[in-house]
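Report on one structure; see the data block that follows.
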Amino acid sequence: MGCTMKRKKAQLLWLLFIAFIVNFSVIYGRKMPVGGNGGDTIIHMAMIRGIYLGRNPFLDQHYNVPPNWYPFLYHALIAFLARLTHISIWSLMIWTPLIFALIMVFAWYKLGEELDKDYGGLLFGSLAFLALKSQLFPNPKELIPIFLPLFYLEYYRYFRDRENRHLLYSGLLLGLMMWSHYGAALPVLAGTIAYALIELKRNPKLMIPPFLSLAVFSPFIVNVLLHIHPGSTMIVEGKWLSALSWSSALHRIASPSWTLPIVTIAFLSLRKRNLEFWNFLIVVIISMIGINVTPTIVYDLGGPAVFPSRFGIPLSYTYLILCGFGIDFLIKALKIPRKQILSLTFSFLLIIYGSWSFIACNYHNFSSKYTYKNFEDLAGNYTKGLVKVSEWIRENTERDAYLIGYPYTLEWIAGFTGRPVVAVSYGHGNPFLDMEQRRKDIEEFFTNPEKREEIIKKYNIKYIILDPYTKRSFNVTIDDFGDNFRIVFQWGEFYILEKNIK
Numbered sequence: 082m083g084c085t086m087k088r089k090k091a092q093l094l095w096l097l098f099i100a101f102i103v104n105f106s107v108i109y110g111r112k113m114p115v116g117g118n119g120g121d122t123i124i125h126m127a128m129i130r131g132i133y134l135g136r137n138p139f140l141d142q143h144y145n146v147p148p149n150w151y152p153f154l155y156h157a158l159i160a161f162l163a164r165l166t167h168i169s170i171w172s173l174m175i176w177t178p179l180i181f182a183l184i185m186v187f188a189w190y191k192l193g194e195e196l197d198k199d200y201g202g203l204l205f206g207s208l209a210f211l212a213l214k215s216q217l218f219p220n221p222k223e224l225i226p227i228f229l230p231l232f233y234l235e236y237y238r239y240f241r242d243r244e245n246r247h248l249l250y251s252g253l254l255l256g257l258m259m260w261s262h263y264g265a266a267l268p269v270l271a272g273t274i275a276y277a278l279i280e281l282k283r284n285p286k287l288m289i290p291p292f293l294s295l296a297v298f299s300p301f302i303v304n305v306l307l308h309i310h311p312g313s314t315m316i317v318e319g320k321w322l323s324a325l326s327w328s329s330a331l332h333r334i335a336s337p338s339w340t341l342p343i344v345t346i347a348f349l350s351l352r353k354r355n356l357e358f359w360n361f362l363i364v365v366i367i368s369m370i371g372i373n374v375t376p377t378i379v380y381d382l383g384g385p386a387v388f389p390s391r392f393g394i395p396l397s398y399t400y401l402i403l404c405g406f407g408i409d410f411l412i413k414a415l416k417i418p419r420k421q422i423l424s425l426t427f428s429f430l431l432i433i434y435g436s437w438s439f440i441a442c443n444y445h446n447f448s449s450k451y452t453y454k455n456f457e458d459l460a461g462n463y464t465k466g467l468v469k470v471s472e473w474i475r476e477n478t479e480r481d482a483y484l485i486g487y488p489y490t491l492e493w494i495a496g497f498t499g500r501p502v503v504a505v506s507y508g509h510g511n512p513f514l515d516m517e518q519r520r521k522d523i524e525e526f527f528t529n530p531e532k533r534e535e536i537i538k539k540y541n542i543k544y545i546i547l548d549p550y551t552k553r554s555f556n557v558t559i560d561d562f563g564d565n566f567r568i569v570f571q572w573g574e575f576y577i578l579e580k581n582i583k
């Protein structure tokens with residue numbers, strides 16, 4: 082017994098050590114987080130910074146109005162770490178993916194160890210290396226492959242031990258998944274509800290996890306329902322309608338081709354294991370598939386367009402878990418005397434393939450390649466100007482000082498300062514606010530001087546940002562602002578204006 086415990090501990094430590102080395106090798110030398118060249122990473126940075134500065138997390142951190150459209154567990158966690166450690170948010174977003182990767186490997190190891198006492202921990206911990214790509218970008222989706230295996234682990238323990246506390250733990254974990262990314266958690270929630278309804282007469286306690294998860298997430302839901310603005314789109318912005326095609330839907334629900342034989346073996350082998358957990362897993366997978374194809378069916382029938390791309394996230398990780406079952410069954414089925422050597426061989430292959438594909442992804446990803454450069458050097462005077470303007474705003478303005486400028490530029494400045502802005506670029510707006518009107522107000526502010534006073538009062542604007550984009554898009558320069566405004570900062574083509582107080 083003692084030797085077995087030492088062996089398992091050594092296996093876990095080796096897995097964590099290898100995961101550390103692999104992640105450290107790509108992170109070391111980074112001068113910005115992956116995605117720091119623009120996009121979702123900068124959006125999440127603004128959300129983190131707003132919470133870090135003490136703003137109510139139920140407010141949209143970009144606009145300082147309710148509702149917050151994005152669950153903020155990840156943002157609050159990074160903000161808390163920044164407060165606790167006094168490490169910059171920028172640096173934390175570079176290095177926390179390594180920490181989350183280690184926690185993910187540990188979570189997968191614990192699931193495997195519970196499913197198979199002999200080799201499960203080693204195999205499932207090695208399979209986690211195939212999910213390392215999920216930890217490349219610093220964003221809330223990093224938390225899903227951590228919470229999901231722990232969620233399955235608690236269900237497995239409940240079906241084995243019949244202890245109600247495991248249902249409570251699974252409900253809390255599902256709630257945390259929803260607070261991480263409700264789009265990725267929704268298919269899992271649907272699966273738990275479906276199974277609970279199927280088993281309702283025999284075991285009504287199975288309704289506890291979905292109800293508890295919804296209770297945990299209910300403050301977010303209530304906040305959205307109470308504060309939806311007239312004119313809001315109610316759907317995620319962006320040119321993503323191709324995600325509603327049948328080819329995209331099939332891509333989301335399909336297991337990777339190399340896993341098909343192993344997944345097939347897993348389906349055959351699971352019948353010989355914990356029957357109830359197997360039935361639960363099948364219902365969850367079918368429900369996940371249903372959630373992924375439903376938006377396409379609804380859209381083809383003339384219904385609303387629902388953004389479906391994140392629905393496939395938990396299904397892909399569940400397929401990996403099935404691969405663990407399949408490999409474990411193969412090891413036991415093959416008539417080889419030293420099973421440990423075979424399990425180590427599979428583990429070695431999984432780690433090598435997972436590590437290689439993760440490193441290759443890092444050096445081929447468009448955003449990741451830029452992380453080894455200084456941000457100021459990305460786009461010449463434009464990125465230098467963003468830094469200079471953001472520094473002045475952080476040092477000279479209050480937390481809730483409202484800014485107006487070109488949406489793309491405001492997106493950066495919000496990320497670097499946490500100050501509220503009128504609007505960010507299309508694709509990153511709040512679906513529960515009238516983003517079209519906000520962007521129209523920006524255009525009218527710069528192109529129609531008669532509207533400026535009205536728009537300033539509407540948003541309580543404190544500062545106006547002029548930059549190359551306002552000149553190019555609205556044909557406006559500093560000369561178009563008269564005596565009613567004064568320059569408080571200037572660097573190159575960047576100006577910060579403040580309205581004169583009469």
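Numbering (our numbering), first residue to last: 82 to 583.
From the three backbone atoms N, C-alpha and C, an ideal C-beta is built for every residue, glycine too.
Nothing here was measured: the structure is a model prediction, and the numbers come from that model.
Beta carbon of residue i nearer than 7 Å to that of residue j
i       : j       : result
Arg-130 : Thr-452 : no
Phe-388 : Ser-350 : no
Met-259 : Ile-227 : no
Leu-97  : Leu-183 : yes
Phe-566 : Leu-578 : yes
Ile-408 : Leu-203 : no
Leu-403 : Val-344 : yes
Gly-272 : Val-364 : yes
Leu-325 : Pro-376 : yes
Thr-490 : Ser-471 : no
Glu-457 : Lys-465 : yes
Asp-515 : Gly-256 : no
Trp-189 : Gly-206 : yes
Ala-482 : Ala-127 : no
Ala-275 : Ser-368 : yes
Thr-551 : Tyr-487 : yes
Gly-508 : Gly-319 : yes
Leu-179 : Asn-104 : yes
Ser-424 : Ile-412 : yes
Val-317 : Pro-148 : no
Ser-336 : Tyr-398 : no
Phe-358 : Tyr-237 : yes
Assigned exposure category for residue i - 16 Cβ within 10 Å defines buried
i       : result
Asp-586 : Any property of residue 586 remains undetermined from this structure, which presents the chain solely from 82 to 583.
Asn-556 : exposed
Met-315 : exposed
Gly-264 : buried
Asp-141 : buried
Ile-433 : exposed
Gly-384 : exposed
Val-502 : buried
Phe-406 : buried
His-332 : exposed
Gln-92  : buried
Asn-118 : buried
Arg-391 : buried
Val-303 : exposed
Asn-137 : exposed
Trp-150 : buried
Tyr-239 : buried
Leu-431 : buried
Thr-122 : buried
N-terminal and C-terminal residue of the beta strand (DSSP E) that residue i is part of
i       : result
Val-502 : Run containing Val-502: none; DSSP gives neither H nor E here.
Counterpart residues of residue i in DSSP-defined beta bridges
i       : result
Asp-141 : Val-146
Phe-570 : Ile-577
Leu-547 : Tyr-576
Ile-542 : Tyr-483
Host alpha helix (DSSP H) of residue i (start-end)
i       : result
Phe-298 : 289–308
Ile-559 : From DSSP, Ile-559 is part of no alpha helix (DSSP H); its letter is neither H nor E.
Arg-130 : 121–133
Trp-189 : 170–196
Leu-165 : 154–166
Phe-447 : 447–450
Tyr-274 : Contrary to the premise, residue 274 reads as Ile rather than Tyr in this sequence. 263–279 is the span of the alpha helix (DSSP H), which, as asked, contains Ile-274.
Asp-522 : 516–528
heavy atom of the ligand GTP below 6 Å from residue i C-beta
i       : result
Asn-511 : Here there are no bound small molecules, and the ligand GTP is not part of this structure.
At 4 residues or longer, and completely inside the segment 203–253: list those alpha helix (DSSP H) runs for me, N to C.
225–242
Only counting runs of 4 or more residues, tell me where the alpha helix (DSSP H) segments fall wholly within the segment 325–396, in order along the chain.
327–334, 341–351, 356–381
If you scan the segment 402–461 from start to end, which runs of the alpha helix (DSSP H) of 4 or more residues do you find wholly inside it?
420–445, 447–450
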